[in-house]
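Asks:
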Amino acid sequence: MKKKDIEKILKAWFYKKKKRFISNKNLFDEGVIDSFEVIDFISYVEEKFKIKFKSHEFQNPKFMIIKNIINLIEKKISV
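The opening position of the sequence shown corresponds to residue 212 in my numbering, with each subsequent residue numbered one higher.
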């Protein structure tokens with residue numbers, strides 16, 4: 212799966228929630244999503260891509276940057 216395809220799937224969550232999609236800034240720091248939405252977003256991603264994140268992955272402050280999430284998803288689905 213290409214990065215653009217992954218990005219398109221992630222954008223669908225933001226569109227559904229009527230949220231801004233920012234690919235290069237921390238979504239949490241920018242106020243795009245809150246702590247409850249983070250849980251929903253992580254669940255969405257895990258379900259859509261049939262992957263599981265480890266707690267240290269999503270606790271990393273860099274995790275909430277879309278570009279980093281896309282890279283992580285790409286690594287997990289190509290294994």
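Just so you know, even glycine gets a beta-carbon here, dropped at the ideal spot from N, CA and C.
Does DSSP put N282 in a helix, in a strand, or in coil?
Replies: It is helical.
Asks: Which word fits I288, buried or exposed, when buried means at least 16 other C-beta atoms lie within 10 angstroms of its C-beta?
Replies: Per the 10 Å Cβ criterion, exposed.
Asks: Going by the CB atoms, is the gap between E258 and F264 shorter than 8 Å?
Replies: The answer is no: Cβ separation not under 8 Å.
Asks: Quick one: what's got a C-beta closer than 6 Å to M275's C-beta in the same chain, skipping five residues either side?
Replies: These residues qualify, in order along the chain: N237, L238, F239.
Asks: At the level of alpha carbons, what is the spacing between K229 and K286?
Replies: Looking at the two C-alpha atoms, the distance is approximately 28 Å.
Asks: Evaluate I217 with the Cβ neighbour count: other Cβ atoms within 10 Å of its Cβ, from every protein chain shown; 16 or more gives buried, anything less gives exposed.
Replies: It is buried - the Cβ of I217 has at least 16 other Cβ atoms within 10 Å.
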